[in-house]
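If you count by numbering that gives the first Met the number 0, then the sequence shown holds residues 0 to 345, one letter each, in order.
Every residue, glycine too, gets a C-beta built ideally from N, C-alpha and C.
In this text, all values refer to a predicted model and were calculated from it rather than measured experimentally.
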Amino acid sequence: MTIEEFARKIGVSSATVSRAIHGRGRISPQTRQMVLQRMEELGFTPNLHAQSLAHRRSHIIGLEYLGHTEVLSDMFLIALARGIQHVLSEHGYTLLLNPVGVVDERESLLRRWARSRAVDGAIVVGDPDVSVEWLRKLITQKTFCVVIVHHPLPPLPGVGCVTLDLSRGIAQVADLLCSLGHCRIGYIGSIEPDSVLPMLRQQVEAKGGCISPEMVVYAGRTPDDGARAARELVTKSPRPTAIFVRTDVLAIGAMQAIREAGLCIPKDISVVAHDDVPFAQFTDPPLTTVRVDYEELGKSAVEMLLAMLERRESVELHRTVHTSLVQRATVAPPLHHKTISLPGGI
């Protein structure tokens with residue numbers, strides 16, 4: 000039975016059946032429920048592949064990620080993809096994940112997607128330096144796209160932008176550490192270039208603290224990398240009274256190295272991290288960290304992309320997801336310091 004035959008049998012249009020199947024377009028919940036119920040009663044299963052060919056739609060959304068090859072071990076990407084998949088499954092779409100190693104591979108991949116119509120649209124996880132020129136090339140491929148980046152982009156037709164605003168969470172970190180009396184703060188970064196260090200340094204210096212160059216160590220991505228960086232910092236003289244660690248994963252190793260050096264967290268050294276992955280609340284002691292809602296980031300991106308694909312009259316082409324500090328038990332005043340109150344602090 001074709002979709003047209005099924006539609007005639009239950010007394011609705013084939014377009015209504017299609018909307019009910021995919022959960023998109025103007026259709027009331029009652030009508031959708033009726034169509035789905037009749038499908039079950041009559042044993043009708045639509046040929047989605049044939050529909051895709053007829054409408055020149057694949058009902059596949061591509062997720063392109065510029066990063067290292069161990070993509071499935073990246074908790075950030077897992078949470079992001081979970082948010083995307085949650086929305087896509089409600090709308091009858093499939094997610095295609097494609098990590099790439101360098102920018103040239105990214106452009107080649109998106110060209111192939113556009114030529115073959117393998118995907119209806121793409122969500123691109125942008126590096127901090129994603130360029131407007133590159134986006135213009137993307138637009139020429141006639142591929143709807145939503146870019147997830149760490150900073151706003153100029154308006155471009157056919158391109159949506161979901162911005163991750165790190166500034167609020169970083170400002171809260173600076174407020175907390177400086178209000179407790181931390182003036183000598185260490186920094187463990189993941190990769191360069193790093194947009195967080197200048198942001199944190201500016202906030203700390205405005206409050207009388209300091210992140211000096213010798214207190215900055217760039218590590219990598221793994222707990223072992225975090226441990227090596229922390230060992231380097233705790234041997235400084237004088238050592239930092241607090242350390243900001245760019246990711247929770249790095250912080251796990253850093254905390255272990257601090258303990259192995261015979262130091263106590265937070266009595267001897269306070270530790271603050273970034274991301275608030277699920278295990279952060281189970282560290283010993285529980286980790287104070289900046290929460291990033293990666294699932295919300297993914298949901299916002301795919302909702303915007305689906306609105307673009309449906310050519311809705313008013314589509315919000317820029318959204319911002321904010322961060323916030325989650326205080327747990329890895330931060331305390333430094334030894335021999337009194338807590339001070341900062342104007343406008345948290």
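The continuous alpha helix (DSSP H) containing Arg-31 extends over residues 28-41. Assignment of beta-bridge partners to Ala-272 by DSSP yields Thr-288.
Taken through DSSP and simplified to helix, strand or coil, Cys-177 comes out as helix.
Three or more Cβ pairs drawn from the region 321-330 and the region 282-292 lie within less than 8 Å of each other, which places the two stretches in contact. The residue from Ala-260, Asp-247, Val-270, Val-301 with its alpha-carbon nearest to that of Pro-277 is Asp-247.
For His-317, the number of other beta carbons within 10 angstroms of its own is below 16, and it is reported as exposed. Measuring C-alpha to C-alpha distances from Pro-332 to each of Ile-268, Leu-163, Ile-169 identifies Ile-268 as the nearest. For a cut-off of 8 Å, the C-beta gap from Leu-305 to His-90 is around 6 Å, short enough to register as a contact.
Setting aside the 5 residues that flank it on each side, Ala-80 is surrounded in the same chain by Leu-62, Leu-94, Leu-96, Gly-297, each with a C-beta closer than 8 Å to its C-beta; the list follows chain order. Here Val-195 is near Arg-245, since their CB atoms are less than 8 Å apart. Taking C-alpha positions only, Ile-264 is separated from Lys-206 by approximately 23 Å. The C-alpha of Arg-18 is placed about 15 Å away from the C-alpha of Thr-44. Beta-bridge pairing by DSSP links Glu-63 to Asn-97, Val-123. Contact between Val-172 and Val-271 holds, with the beta-carbon distance rounding to 5 Å and staying under 8 Å. Scanning its chain for C-beta atoms nearer than 6 Å, with the 5 sequence neighbours on each side dropped, one finds around Ala-229 the residues Ala-253, Ala-256, Ile-257, in chain order. Looking at Tyr-217, Ala-14, Gln-326, Val-161, the one whose alpha-carbon comes closest to that of Pro-284 is Gln-326.
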